[in-house]
Amino acid sequence: DRGGTFTDCICKVLGQEDIVVKILSVDPKNYDDAPTEAIRRVLEIYYGRSIPRGTGLDTKDIESIRMGTTVATNALLERKGERTALLITEGFKDLLEIGNQSRPFMFDLSIRRPETLYSDVFEVDERVTLRNCTDTDLRSMDLSSPPVLRELTGTSGETVQIIKTLDLEPVEVYLRKIYTDGYRSIAVCLMHAYTFPDHELQIRELAQQIGFENVSLSHAVSQRTKIVPRGNSAVIDGYLTPTIERYLKQFLTSFPNISKSDTKLEFMQSDGGLVPAHRLSGLHSILSGPAGGVVGYARTCYDEVSKAPLIGFDMGGTSTDVSRYDGTLDHIFETTTAGISMQTPQLNINTIAAGGGSILFWRDGLMSVGPESASSDPGPACYRKGGPLTITDANLALGRLIPDYFPSVFGPNENEPLDRDVVISKFEDMTAAINLDTGKSLSWEEVAQGFLDVANSAMCGPIRSLTEARGYDTTKHQLASFGGAGGQHACAIAELLGIQKVLIHKHSSILSAYGIGLADVVQEGQRPCAKAYEPYNLPTILSDLEDLAQATKDLLGNDGILNVDVDRFLNMRYDGSETTIMIAVDQNHNMLPTFVNAHHQQFGFTPTDRKVFVDSIRVRAIGRGSFAAPSPDVPASVPEKLSIPSHKSPTAEATNRVYFNELGWTDTPVYILKSIPLGQKVSGPALVVDETQTILVGPGSSATSEQDKLILDINVSGKGLSVATDTIDPVQLSVFRHRFMSVAEQMGRVLQQVSVSANIKERLDFSCAVFSPDGSLVANAPHVPAMIGSMAFAVKGQIEEWKGRLKPGDVLLSNAPEYGGTHLPDLTVITPVFDAQGRDIIFWTASRGHHADIGGILPGSMPPSSKELGQEGALFKSFLLIRDGTLDEVGLSRMLCDEPARYPGSSGTRRYQDNVTDLKAQVAANHCGIRLIHQLIEEYSMKVVQVYMKAIQSSAELAIRNLFKRLARQFHQTELKEVDYMDDGTPICLKITLDEAEGSAVFDFTGTGPQVYGNWNAPIAITHSSIIFALRCIVDSDIPLNHGCLAPVTVHVPKPSLLNPAPTAAVCAGNVLTSQRIVDVIFKTLRVCAASQGCMNNFSFGTDDFGYYETIAGGSGAGPSWSGTNGVHTNMTNTRITDPESLERRYPVLLRRFCFRGGSGGDGKYRGGDGVVRDVEFRIPMTASILSERRVVKPFGMDGGGNGCCGRNLWMKGEDGEIMSIGGKNSVEMGAGDRLVIETPGGGGYG
């Protein structure tokens, strides 16, 4: 396993002990290639003689070489792959860069997208689409536009319409040009190629004739829908595969007779299977090392008798990988790596930016660990190269690592031992700073231990997400720990999670290499299907499966692998949903109950009256491996009753002083792992070491040596953790910050999983949060900014309304602006959290989701022409959704279906069943939050939890007060004024008065224009939400986002006005347009950056039978040290956009263009980002609506930078293409063949 830092090699020799070699992956002074060097050293040990470097290595005695490599991963991360050109359907040249249009870090104004992997792009003159929509409700529609040249049946069974045949002449001209320029690799990605690959295949044939050595076709790397991840997969394959091939060629030069010796050369893939070297691709090898680790612990630690599920905990230098195994490998098929979404089978491995090299910070009254890493150069402080304090340093300082057991390879000359003295000195300096800020008298030991506690708490969050958020009980698992740093933290992680056993294999520090040896050779096959799961379709589906299975078996057979098993799967989903579940095909071919049960287990509900579809079929052909397979008579984990215990007591090699929270400095015995007799127990506290790792056995726990592993029995009786409440401990403050945020994050995962609408499940237009008894925000997950800061107003509105009248099991629903709502489609579900006795409300949980339709005068409930609130849909001031655990379905139906229809020209909701399901999902999310809060109280006590709830709010307040003090000094004045104008001329005026002494500010919007006779009025909650978001961005530090951020702020807003309208005013656009302009004004007043697009470009279309809604990206504003970003969501929104293929499959439209709007960003030293062009053609008559801003007033530049361009909304009518501007806010009755072209604004320039 060639890892980032070390290369691990294990050799199995029949009848002899394993040969293990561990060397640096990069050591150019001594060798060129680490795997070759490792094998050379193994052969020296095996033959007992010297083999000079540089000589050819004889493989006559080697049966197989199995390798995992970071060659592809490093090339991807370092952007050192093959120069590659992208060929993509005309109109989509920027599609892969736009991606899903969300920004990776919500509060980062200098938005940084991953750099594109392709160096050039060409638009291919061709176009195909589908004849029918996939959703049952729309499938029978007669789509009369555009004109069709030819129809045929695609590989998925869908009817494909060719609108424009492929014009190869310009493709040939382009390919010959870039070939002359030195390109040898191309990636081709065309719309709907997953089912119609003909055009891609024609381009490949042409490219190969010209001489291109690598041609990656999107349908060949993934036969799944969604052009963005499929296109990225093709680009990654084109970018990395030549790099892999070059490495293989170089590697094989060291083994001149490998082709004659019948030695098999196989490589690990990200899916946990091996592949012969000649079939290895860059796309499939990105996670080969971590995948080897999963196979390693799955094969060595899983007990086939008890079947206790395992959590893999692989802690390395820069990150920690967590995974889960319950008897079968857990695969995912769409993932994001290095910021790029892709489609490829991978093991479900979650990576946390916390490893041994993670840097320790004291910032804004909080301890934080990472995500920054000291890496290997300069490395941790103890490496003697001037590095910062890290987790490794904390472990060393506290005695959990022993320098005597490390080689002397540190310092400038790489010949010195680890330096504990400098670490202690640095911790003493940091402790002095912490004590000065907090008034505490902490010791450096308490600070170092505190950072370890914070790191452990942070690492538990993703583990809970892998278990609890998917319906599994964490405490029923065992922890399989491996990786260089895992042993120091495994005990503490298990204690925090309530896990009773930790399993550490004897090869845990090289378990990825060991797992690669245990893996099977695998060949995956997949084809699109797109058929309803009905009896009349089943024979065809099963027949196609058998054809695919035989094809994969033949591939393995060609490689000489004859002992092959084939697992068969159907990728199934409910009609109307994009969420699929991979279901194994059983012997009875009755997969429907399995799918229904799996869906209910994962998402908590079963849709009614919805058909089930098979999106694709999949097979996994497995050639069983023979490398060190466990004996069939003995379970892999060897239970204690099968071990043969020794009567010899373990003897400590030495003692070391180790610091523990509960014991202080303690003389702790040190044991050599291989010297602990079989079956003997070591009681904690203790250290167990071998050549490559140190394992800490905590106080109260014990370790037992078994046949091939160390089993740690964990003391998990420490419920009701003792934490003082008379003073605030900065360690516990940081821990609680993680725990509260984890509650909100898990609520969000439940909501996304259980919901059914595209808005919530796929566009992620929702937010979840936890509130104090008085309704103040305590913690939220990083969801939609416009919702985060405003939800507290909704909670407080219900507290005032329901004083003393709520009972356990009650749930409230509200969306009214006068009760803290923003606009009506954002339905907020609010649940009180009662104490154990059911008497007092101790917290509130709330979730807000944007529902696609709640009635009103137009589909989508975002009518551009609304003038009164009643035109915008259902209104819930304070509705008791659930009383005593029973949903009021009668009342809900009346409020959603009947009441809105009473308003002239309005309808009730057009998606009632979706509304109900999504509301149930919101209820489930709130109940998840309640369960986790009670769990927290059980661990710490009510008093401790509530004390730290307030302390977290105070820490956020401190950070904002420090910000205001800094701004007051920066501007040398106390009053700052600015104004900006809405497109109708309404001013938004702001005067900020800073008080340096108090660290406070007054935000005074006096002078802002009156309430408008339109719908861009913004309820008062939106102004507060905009302020809290802007301040969090300006702080530019990872502070908790809660009520404390507004504590130092006084807000004055005139009433009635644009920012504080009357209860009956129309408001649907205030949340999505005016909120953006408020943030622009704040940034302008504080001279932060130029204006971003100042809009969300709300676009909707539909009929009485269906509706669709999206928001569209634009350009971001430039700042004093950064250029704006093209085509990205900014400020108060961060929702995703529907993939073009999904859009065309589900709705009767054709997406003609989605690309950057070149030149729309403002000029300057730092340019503003460009907006986008989204060009939609309608295939049937329907209503289309747009709500947008910055169509008149340009996004301002700053410090001499130019303004961004205004946006435009253009209606192209019929065949003659007559073009009309429809203004910023309008609804249009579109005919079949009409197009709406939305050109979004660019960002302002700076300097």
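Per UniProt numbering, the sequence shown starts with residue 1, numbered consecutively. Don't be surprised by glycine CBs; every beta carbon is placed ideally from N, CA and C. The structure displayed is predicted, hence computed values, not measured ones.
- If you check the CB distance, residue 126 and residue 86 do not come in under 8 Å.
- In the structure shown, residue 1213 adopts extended strand secondary structure according to DSSP, grouped into three states.
- Judged by beta-carbon spacing, residue 881 lies beyond the 8 Å limit of residue 833, meaning their Cβ atoms are not closer than that value.
- Boundaries of the beta strand (DSSP E) harbouring residue 1001: 1000-1004, taken from the DSSP string.
- Relative to residue 273, the option among 620, 371 and 217 whose CA is nearest is 620.
- Residue 573 is positioned such that its CB atom lies no closer than 8 Å to that of residue 548.
- Distance from the CA atom of residue 1231 to the CA atom of residue 810, rounded to whole angstroms, is 47 Å.
- Residue pairing of residue 665 in beta bridges, as defined by DSSP: 659.
- Contact check for residue 72 against residue 240 passes: the beta carbons are separated by less than 8 Å.
- Within a 10 Å sphere around the beta-carbon of residue 479 sit 16 or more other beta-carbons, which makes this residue buried.
- Restricted to the segment 901-985, the alpha helix (DSSP H) segments that are unbroken, complete and at least 4 residues in length are 912-940 and 942-971, listed in chain order.
- Excluding the 5 residues flanking it on each side, residue 684 has same chain C-beta neighbours closer than 7 Å at 697, 698, 699, 700, 701 and 702, in chain order.
- At least 8 Å separates the beta-carbon of residue 946 from that of residue 1042.
- The beta carbon of residue 445 sits closer than 7 Å to those of 398 and 659, all from its chain and outside the five residues before and after it, given in chain order.
- Residue 832 is bridged by DSSP to 844.
- Under the three-state reduction of DSSP, residue 191 is assigned to coil, being neither helix nor strand.
- Contact annotation: residue 787 and residue 1187 have beta-carbon atoms that are not nearer than 8 Å.
- The residue from 656, 767 and 199 with its alpha-carbon nearest to that of residue 1135 is 767.
- A straight-line Cα-Cα distance of about 12 Å links residue 794 and residue 774.
- DSSP places residue 1146 within a helical segment (H, G or I) once states are collapsed to three.
- Using a Cβ distance threshold of 8 Å, residue 206 and residue 171 count as a contacting pair.
- Beta-carbon to beta-carbon, residue 149 and residue 1144 are separated by about 17 Å, too far to satisfy the 8 Å threshold.
- In this chain, residue 1071 is not harboured by any beta strand (DSSP E), its DSSP state being neither H nor E.
- Shown here for residue 41: same chain residues with a beta carbon closer than 6 Å to its own, the five before and five after excluded, namely 21 in chain order.
- For residue 238 and residue 96, the gap between their C-alpha atoms comes out near 15 Å.
- Between residue 624 and residue 567, the gap from beta carbon to beta carbon reaches 8 Å or more.
- Assignment of alpha helix (DSSP H) within the segment 752-833, counting only whole runs of 4 or more residues, yields 758-761, 785-788 and 791-801 in chain order.
- Judged by pairs of C-beta atoms under 8 Å, the segment 996-1004 touches the segment 1047-1057, as three or more such pairs exist.
- Between residue 981 and residue 988, the alpha-carbon positions lie close to 6 Å from each other.
- When Cβ pairs closer than 8 Å are counted between the two stretches, the segment 726-741 is seen to touch the segment 449-457, the count reaching three or more.
- Here DSSP, grouped into helix, strand and coil, assigns residue 850 to strand.
- As DSSP reads the structure, residue 741 sits in no beta bridge.
- Counted as a single uninterrupted DSSP element, the beta strand (DSSP E) harbouring residue 325 occupies residues 320-325.
- Contact annotation: the segment 1156-1166 touches the segment 1118-1130, with at least three C-beta pairs closer than 8 Å.
- Between residue 942 and residue 315, the alpha-carbon positions lie close to 33 Å from each other.
- The three-state reading of DSSP puts residue 421 in helix, counting H, G and I together.
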